[in-house]
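Student: The following block contains the structure, expressed as structure tokens.
Protein chains: 2
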Amino acid sequence: MKTAEIITIGTEIVSGQITDTNTQYIARKLTEKGIQVLFQTSVGDDKELLKSALGVAKDRVNLIITTGGLGPTENDITRETISDLFSVPLISDEEAHTRIRTFLESRHPKVTNGHKKQALIPAGAFAIHNDKGTAAGFVFRHNDIEIVCLPGVPGEMQTMLNKYLETYAIQHKPEELCTLTRNIHTFGISEPDIDAQLREYAGREGEIKAMTLVHDGIVTVNIIATAATREDAVKILDIAEHDIRERLGHAVFGVGDETLESAVAALLKKYNKTIAVAESCTGGLVSDKLTNIPGISEYFLEGVVAYSNNAKEDILGVSGELIKIHGAVSSQVAKAMAEGVKKRSSANIGVGITGIAGPTGATKEKPVGLVYIAVVVDDVAEVKECRFRGSRIDIKTFSANTALNMVRFKLIQT
Amino acid sequence: MKTAEIITIGTEIVSGQITDTNTQYIARKLTEKGIQVLFQTSVGDDKELLKSALGVAKDRVNLIITTGGLGPTENDITRETISDLFSVPLISDEEAHTRIRTFLESRHPKVTNGHKKQALIPAGAFAIHNDKGTAAGFVFRHNDIEIVCLPGVPGEMQTMLNKYLETYAIQHKPEELCTLTRNIHTFGISEPDIDAQLREYAGREGEIKAMTLVHDGIVTVNIIATAATREDAVKILDIAEHDIRERLGHAVFGVGDETLESAVAALLKKYNKTIAVAESCTGGLVSDKLTNIPGISEYFLEGVVAYSNNAKEDILGVSGELIKIHGAVSSQVAKAMAEGVKKRSSANIGVGITGIAGPTGATKEKPVGLVYIAVVVDDVAEVKECRFRGSRIDIKTFSANTALNMVRFKLIQT
């Protein structure tokens, strides 16, 4: 089986100054392709340290993917380190050099020495060309080990990694076992309940296994299939997914990159329904999530972040009397907010959310984490009382995801 | 100088199923304390692989921090691996055991064997107690190397890391040089312009250095000071920060954990001003960011996500005529949105944002990334035309940050 190590190169990463998103992206892509990632390493822009990291990696895996250190500056040391470590000269790749010249033509007056350096690859390697920038990547083979060096800019890296993986998928040796994985996302069933329903997958060795992960209230079932061929592994995943969907029902909202908001957007489109959202404690997070989905403008009409009582009354038509009697954080006000925004916008679906995100604002009767969420379709309202734990941002996130899931259920039941 | 490696343990991390936030947190904390992080490694829940990772780490750094693998299940292997690798028995820490019993009392009927395991630490180690969960952490010394094992749950890990670092800070040997770092965040000046202004810091070796990092349009200047004592290093950082603030002026909006939204919130409080936001292409992101700040409800009155023209007209009072003549994406409509939401809410400051986040919706005259942002204070409006590049989410983020920065400038100039 192919085993891999991902090495990210950059002092700003290793010292915690910036968030590294490349490693997770690469790990997911490799795992999807049936390549087992054994290690991830980050190291600063230092030739000796990188040499040490590569030296360790080449003795414990057979595929190394590096990102970063391919820029035009002196701090970019990946090419030179590979050249030193494996005693191979660097040569200029002709096509990469032409591409750099063409790329820079419209932007810079002339190609600098730094940019010329970006066309260099180890002798015997083959280049992975960069359609979005100047750094050429490359694949270098040493004995049985393949080393793939990619730039650190996420957009460039991703395109180039996918180019490489397409090549790799073709070269996958048929005698090796193929392991593939798939993520099935659920909302509304607890992790222990899911574990109980999927017990027979849990401890299983062999062709299919499953494990659960929790994030932002979403429980993801990660299934892993091993088979002689890629086709067989896909078949096993398909059967397992079908079985898990049967067991968990509508709690399953998507697989892979699908999110609660993309699931809601797809259902709005499918049933041709429009939506409007009135938020208090979530502060616009539901609207923000929905508007991350391209094309949502046909279905999402408006959002109102009614933080003040004045906004609740004036824009949403919630009666001041109702707020006075039940308080702004109450099921009655959540329902009135949902009805108000629905009526105002003439949307098919109205959502209302009010609660206490904390850390202040709690009373004895209404603790931090108490949230009311209402969804109104036609004239039917559903209101849920939730008690969440965690930080202010946790409570916003749990509330937004719960609201999106309630809308999803309403649409499915339509 | 103290050098460190961070090892995160978990198959779900190494295979890319979940995002690891622990590593960056630990790296920042260590760097702030003057400990140089040389490597970060992630490895699955596998005893042999973890042994290999620890074996490599102990030969290249003198402080190893691990997270994860301290839970009650069979997959949790950190304690056993340390015990195997260094041939030390595991013993039950009495206080940790009592704490686990007390912690579980209110939740579970009895302490399981799995939970008993969570009180085990290597003989000779000292326990780091866990106030938020059952997994005891520990510090284990082997020759000159210190190995600190912490649980993977972020909330538990963070508290316990800080406990450890407080101890470490006391033990810091006075004869060692101390390196400290500080992040100074700016908005509105380009990275090359900042580099040009801070040229004398750039290549400098010795007591003070600086480098720039860009993220979401924010340019962060990371300054690093090295001195004989902690006090001296702090003094050098203070002088450099003062100098950089003088050079870059109001472009500097904060240091460390401060964000554009926290800077705006602090200024709203300082000048006792209220704000209301009307968003189209940012879809609620500005409201979401502002409402992440505790206590904002006194200053943030309302947000309107006016995706449809109907919402722009009805809630914000933008004239249909104006939209017809100039289009919904125009400086005129941005200004009318800001004025509309300000008037509606009686806030001191109104913000209006309209643009094309893409990937669809562009015309020849109005490309993806064209965004108009208006800020109105009293009767004075400022409108900015921006042309951003990137994905839909990039464009939303750049727009939201630009809007927050415009509000910040208005407040400073008040």
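Just so you know, the protein sequences line up as chains A and B, in that order.
If you count by the numbering used here, then the first sequence holds residues 12 to 425, one letter each, in order.
If you count by the numbering used here, then the second sequence holds residues 12 to 425, one letter each, in order.
The beta carbon of each residue, even a glycine, is placed where N, CA and C say it ideally should be.
Computed from a predicted structure; not experimentally measured.
#1: Can you tell which of B:Lys353, B:Ile17 and B:Val344 has the C-alpha that lies nearest to the C-alpha of Leu333 (chain B)?
#2: Roughly how many whole angstroms lie between the Cα atoms of Val245 (chain B) and Asp204 (chain B)?
#3: So, is the C-beta of Pro305 (chain B) closer than 8 Å to a C-beta in chain A?
#4: Per DSSP, what kind of secondary structure is Ser103 (chain A) in: helix, strand or coil?
#5: Is there at least one non-hydrogen atom of the ligand GTP closer than 7 Å to the beta-carbon of Leu65 (chain A)?
#6: Give the range of the beta strand (DSSP E) segment to which Lys395 (chain A) is assigned.
#7: State the start and end residues of the unbroken beta strand (DSSP E) segment that holds Arg193 (chain A).
#8: Quick one: any contact between the stretch 292-308 of chain B and the stretch 298-305 of chain A, if contact means 3 or more CB pairs under 8 Å?
#9: Along the chain, where does the beta strand (DSSP E) that runs through Pro133 (chain B) open and close?
#10: By alpha-carbon positions, which one of A:Lys346, A:Ile404, A:Gly80 and A:Thr42 ends up nearest to Met168 (chain A)?
#11: Can you find a CB in chain B that lies within less than 8 Å of the CB of Arg152 (chain A)?
#12: If you draw a straight line from the alpha carbon of Val288 (chain B) to that of Tyr383 (chain B), how long is it in whole angstroms?
#13: Does Asn141 (chain B) have its Cβ less than 8 Å from a Cβ in chain A?
#14: Taking the C-alpha atoms as reference points, what is the distance between Asn86 (chain B) and Ile20 (chain B)?
#15: Taking the straight line between their C-alpha atoms, what separation do you get for Asp268 (chain A) and Leu259 (chain B)?
#16: Which of helix, strand or coil does DSSP assign to Leu209 (chain A)?
#17: Counting only runs that start and end within the stretch 249-305 of chain B, where is the beta strand (DSSP E) found for 3 or more residues in a row?
#18: Return the residues of the stretch 63-81 of chain A that lie within a Cβ-Cβ distance of less than 8 Å from chain B, sorted by chain order.
#19: Excluding the five sequence neighbours on either side, which residues of its own chain have a C-beta within less than 6 Å of the C-beta of Ile156 (chain A), listed in chain order?
#20: Is the shortest distance between the beta-carbon of Leu224 (chain B) and the beta-carbons of chain A less than 8 Å?
#21: By the criterion of Cβ-Cβ separation under 9 Å, what are the contact partners of Gln35 (chain A) in chain B?
#22: Establish whether the CB of Arg398 (chain B) and some CB of chain A are separated by less than 8 Å.
#23: Cβ of Pro165 (chain A) within 8 Å of Cβ of Thr371 (chain B)?
#24: Using alpha carbons as the reference points, say which of A:Asp254, A:Leu381 and A:Glu116 lies closest to Ile219 (chain A).
#25: Using 8 Å as the limit for Cβ to Cβ distance, is Val48 (chain B) near chain A?
#26: Where do the ends of the beta strand (DSSP E) carrying Leu49 (chain B) lie?
#27: In three-state DSSP terms, what is Gly366 (chain B)?
#28: Is Gln51 (chain A) close to chain B, meaning its C-beta is less than 8 Å from at least one C-beta of that chain?
#29: Which same chain residues, not among the five before or five after Met222 (chain A), have their C-beta less than 6 Å away from its C-beta?
#30: Would you say Ala289 (chain A) reaches chain B, if we count a Cβ-Cβ gap shorter than 8 Å as a contact?
#31: Excluding the 5 residues preceding and the 5 following Phe137 (chain B) in the sequence, name in chain order all residues of the same chain whose CB lies nearer than 7 Å to its CB.
#32: Could you say which of B:Glu116, B:Gly401, B:Pro133 and B:Ala134 lies nearest to His126 (chain B) if we only look at CA atoms?
#33: Does Thr237 (chain B) have its Cβ less than 8 Å from a Cβ in chain A?
#34: Using DSSP with H/G/I as helix, E/B as strand and the rest coil, what is Thr32 (chain A)?
#35: List the whole-angstrom C-beta distance separating Glu16 (chain A) from Thr52 (chain A), where the pair is believed to meet the contact cut-off of C-beta under 8 Å.
#36: Distance cutoff 8 Å, beta carbons only. Does Tyr318 (chain B) sit that close to anything in chain A?
Tutor: According to the structure shown:
#1: As a position in the second sequence, residue 333 (chain B) is number 322, starting the count at 1. Among B:Lys353, B:Ile17 and B:Val344, the Cα nearest to that of Leu333 (chain B) belongs to B:Val344.
#2: Walking along the second sequence from the start, residue 245 (chain B) turns up at place 234. Walking along the second sequence from the start, residue 204 (chain B) turns up at place 193. Distance between the alpha carbons of Val245 (chain B) and Asp204 (chain B): 27 Å.
#3: In the second sequence, the residue the question calls residue 305 (chain B) occupies position 294. At least one chain A Cβ lies under 8 Å of Pro305 (chain B).
#4: Within the first sequence, residue 103 (chain A) is the residue found at index 92, counting from 1. Ser103 (chain A): strand per DSSP, three-state reduction.
#5: Ligands in the displayed structure: none, and consequently the ligand GTP is not present.
#6: The count along the first sequence starts at 1 and reaches residue 395 (chain A) at position 384. Counting along the chain, the beta strand (DSSP E) containing Lys395 (chain A) begins and ends at Val391 to Arg398.
#7: Taking the first residue of the first sequence as position 1, residue 193 (chain A) is located at position 182. Here the beta strand (DSSP E) through Arg193 (chain A) covers Cys189 to Phe198.
#8: yes
#9: Locating residue 133 (chain B) in the second sequence gives position 122, where the first residue counts as 1. Here the beta strand (DSSP E) through Pro133 (chain B) covers Leu131 to Pro133.
#10: As a position in the first sequence, residue 168 (chain A) is number 157, starting the count at 1. Cα-wise, what sits closest to Met168 (chain A) is A:Gly80.
#11: Mapped onto the first sequence, residue 152 (chain A) falls at position 141. No, because no Cβ of chain B sits closer than 8 Å to the Cβ of Arg152 (chain A).
#12: Position 277 of the second sequence, counted from the start, is the residue given in the question as residue 288 (chain B). Position 372 of the second sequence, counted from the start, is the residue given in the question as residue 383 (chain B). Those two C-alpha atoms are separated by around 14 Å.
#13: Here residue 141 (chain B) refers to the residue found at position 130 of the second sequence. False, the Cβ-Cβ gap to chain A never drops below 8 Å.
#14: To locate residue 86 (chain B), count along the second sequence from 1; it is residue 75. To locate residue 20 (chain B), count along the second sequence from 1; it is residue 9. Between Asn86 (chain B) and Ile20 (chain B), the C-alpha separation is close to 11 Å.
#15: Locating residue 268 (chain A) in the first sequence gives position 257, where the first residue counts as 1. Locating residue 259 (chain B) in the second sequence gives position 248, where the first residue counts as 1. Going from the Cα of Asp268 (chain A) to the Cα of Leu259 (chain B) covers about 41 Å.
#16: For this step, residue 209 (chain A) is matched to residue 198 along the first sequence. If DSSP states are grouped into helix, strand and coil, Leu209 (chain A) belongs with coil.
#17: 263-266 and 286-290
#18: Ser63, Ala64, Val67 and Arg71
#19: Stepping through the first sequence from its first residue, residue 156 (chain A) is reached at position 145. The answer, listed in chain order, is Lys69 and Asn73.
#20: Counting from one through the second sequence, the residue named residue 224 (chain B) turns up at place 213. At least one chain A Cβ lies under 8 Å of Leu224 (chain B).
#21: What you label residue 35 (chain A) is simply residue 24 of the first sequence in a count that begins at 1. Ordered by position in chain B, the residues that pass the 9 Å Cβ test against Gln35 (chain A) are Ile24, Gly27, Gln28, Ile29, Thr30 and Asp31.
#22: Taking the first residue of the second sequence as position 1, residue 398 (chain B) is located at position 387. For Arg398 (chain B), the answer is no, since every Cβ of chain A falls outside 8 Å of its Cβ.
#23: Working through the first sequence from its first residue, we reach residue 165 (chain A) at position 154. Working through the second sequence from its first residue, we reach residue 371 (chain B) at position 360. No. Outside cutoff.
#24: Reading the first sequence from its first residue, position 208 is the one you call residue 219 (chain A). The residue with the shortest Cα to Cα distance from Ile219 (chain A) is A:Asp254.
#25: Here residue 48 (chain B) refers to the residue found at position 37 of the second sequence. So, interface residue.
#26: The residue given as residue 49 (chain B) occupies position 38 in the second sequence. Per DSSP, Leu49 (chain B) belongs to the beta strand (DSSP E) from Gln47 to Val54.
#27: Position 355 of the second sequence holds residue 366 (chain B). Of the three classes helix, strand and coil, the one that applies to Gly366 (chain B) here is strand, per DSSP.
#28: For the purposes of this step, residue 51 (chain A) is taken as residue 40 along the first sequence, with counting starting at 1. Taking Cβ atoms only, chain B reaches closer than 8 Å to Gln51 (chain A), which makes this a yes.
#29: Position 211 of the first sequence, counted from the first residue, corresponds to residue 222 (chain A). If we look at Met222 (chain A) and ignore the five residues flanking it on each side, its Cβ neighbours are Asn233.
#30: Position 278 of the first sequence holds residue 289 (chain A). No, its Cβ sits nowhere closer than 8 Å to a Cβ of chain B.
#31: The count along the second sequence starts at 1 and reaches residue 137 (chain B) at position 126. Same-chain partners within the cutoff: Phe149 and Val150.
#32: In the second sequence, the residue the question calls residue 126 (chain B) occupies position 115. Nearest C-alpha to His126 (chain B): B:Glu116.
#33: On the second sequence, residue 237 (chain B) is found 226 positions in, with the first residue counted as 1. Cβ-Cβ to chain A under 8 Å: no for Thr237 (chain B).
#34: Within the first sequence, residue 32 (chain A) is the residue found at index 21, counting from 1. Correct three-state label for Thr32 (chain A): coil.
#35: By 1-based counting over the first sequence, the position of residue 16 (chain A) is 5. By 1-based counting over the first sequence, the position of residue 52 (chain A) is 41. Their Cβ separation, rounded to whole angstroms, is 6 Å, which keeps Glu16 (chain A) and Thr52 (chain A) in contact under 8 Å.
#36: The sequence position of residue 318 (chain B) within the second sequence is 307, counting from 1. Yes, Tyr318 (chain B) lies at the interface with chain A (some Cβ there is under 8 Å from its Cβ).
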